[in-house]
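Asker: Numbering (this note's numbering), first residue to last: 950 to 1272.
(1) Should residue 1180 be labelled buried (16 or more other beta-carbon atoms within 10 Å of its own) or exposed?
(2) According to DSSP, is residue 985 helix, strand or coil?
(3) Over the uninterrupted beta strand (DSSP E) stretch that includes residue 1020, give me the two end residues.
(4) Kindly indicate the opening and closing residues of the beta strand (DSSP E) around residue 1083.
(5) Using only the alpha-carbon positions, how far apart do residue 1075 and residue 953 sit?
(6) With three or more beta-carbon pairs closer than 8 Å as the criterion, would you say the segment 1120 to 1129 touches the segment 1039 to 1054?
(7) Following the continuous beta strand (DSSP E) through residue 921, name the residue where it begins and the one where it ends.
(8) Look at the alpha carbon of residue 966 and the alpha carbon of residue 1111, and state the distance between them as a whole number of angstroms.
(9) Taking the CB atoms as reference points, tell me whether residue 1035 and residue 1024 lie closer together than 7 Å.
(10) Could you give the uninterrupted runs of the alpha helix (DSSP H) lying entirely in the segment 1025 to 1109, keeping only those of 4 residues or more?
(11) Is the number of C-beta pairs between the segment 1145 to 1161 and the segment 1094 to 1102 that are closer than 8 Å three or more?
(12) Could you work out which residue in 1194, 1107, 1171 is closest to residue 1135 when comparing CA atoms only?
(13) For a minimum of 4 consecutive residues, which ranges assigned as the alpha helix (DSSP H) are wholly contained in the segment 1140 to 1201?
(14) Leaving out five residues before and five after residue 1260 in sequence, what residues of the same chain have Cβ atoms less than 7 Å from its Cβ?
(15) Can you give the beta carbon distance from residue 979 to residue 1000, rounded, assuming they're within the 8 Å contact cut?
(16) Can you tell me the Cα-Cα spacing of residue 1237 and residue 1225, whole angstroms?
(17) Please list the terminal residues of the continuous beta strand (DSSP E) segment that includes residue 994.
(18) Determine the DSSP secondary structure at residue 1266, reduced to helix, strand or coil.
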């Protein structure tokens, strides 16, 4: 039987690590998730990855040949293959993850941060196909960004270019785990909109189903559901979040003049609730030479594991570059 060539995509998160086998056209043949458990020795994590890969191969439904590994991880450095000073991972300040995975699986491994992996996924399989200049903004627990200029990701001199989420919105504003205060991530992310909701609940007297939920219980999809049902607190939270995100994206437009800005991640699933205010305020703040030139789009990558799709795309792109 002829084998099908696939890339192994691995997305390392603070809570869970997702894996999948993806072919050249972006079909995920099998996928799974394991707890990251970064409080345990990293050798344990590597063993679990190896075990999970064997399970993926067995459930793919056909003979597969894994040619390489692409990985997305917080604070992942493309140049060095290391994860550096990731606040939600407990394996140490600098972890040579690409080298460790190569040693465990015997496969060439390329690593970048999760937002860069998302950008490559969009370029190869998603809404950015055919685009040469665009920015992906990942709206998850935090806010990441991947910048593509002339068809190539921008890494900077040290591998860490493109941290839009850590630009300042309000001097001395909301705290972040990084120790910074007032950064965009604290306002325009799934965590940020939750914080906004609780601030609004303390200021407004409107009845709202969100009043019945604790901060730990509240998730972005609850806010979206409430907004779709006309809840004034949820609607104001989206308006405020879009205003801040749009304001900062106008800075991105002034610096990069991209064809599009693509929203990716959990909060982006709110669709028009987040894109409409973001686009409105971005245009309001844009310099006139940039107005109505830059699209604000939502990722169209399908399936439950879009992060894995992006990570695997990194492996496919590296092979194309080597040709």
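Note that the Cβ used here is the ideal one computed from N, Cα and C, for glycine as well.
Answerer: In this structure, then:
(1) Buried: at least 16 other Cβ atoms inside 10 Å.
(2) Reduced to three states, the DSSP call for residue 985 is coil.
(3) Looking at the DSSP string, the run of the beta strand (DSSP E) that includes residue 1020 is 1013 to 1022.
(4) According to the DSSP assignment, residue 1083 belongs to the beta strand (DSSP E) that extends over 1083 to 1088.
(5) Cα to Cα, the separation comes out at about 22 Å.
(6) Taking 8 Å as the limit for Cβ pairs, the verdict is that the segment 1039 to 1054 does not touch the segment 1120 to 1129.
(7) Because the chain spans 950 through 1272 in this model, residue 921 falls outside it and cannot be assessed.
(8) Rounded to whole angstroms, residue 966 and residue 1111 show a C-alpha spacing of 23 Å.
(9) In this structure, residue 1035 sits near residue 1024, with a CB-CB distance shorter than 7 Å.
(10) Fully contained in the segment 1025 to 1109 are the following alpha helix (DSSP H) runs of length 4 or more, in chain order: 1046 to 1054, 1063 to 1074.
(11) Here the segment 1145 to 1161 does not lie against the segment 1094 to 1102, with fewer than 3 beta-carbon pairs under 8 Å apart.
(12) Comparing Cα-Cα distances from residue 1135 to each of 1194, 1107, 1171, the minimum goes to 1194.
(13) Within the segment 1140 to 1201, the runs of alpha helix (DSSP H) at least 4 residues long that lie entirely inside it are, in chain order, 1169 to 1177.
(14) Correct list, in chain order: 958, 959, 960, 1019, 1020, 1021, 1066.
(15) That belief does not hold up - the Cβ atoms of residue 979 and residue 1000 are roughly 14 Å apart, past 8 Å.
(16) Each residue's alpha carbon lies about 19 Å from the other.
(17) Note, residue 994: premise wrong, no beta strand (DSSP E); alpha helix (DSSP H) at 991 to 1008.
(18) Per DSSP, reduced to three states, the secondary structure at residue 1266 is helical.
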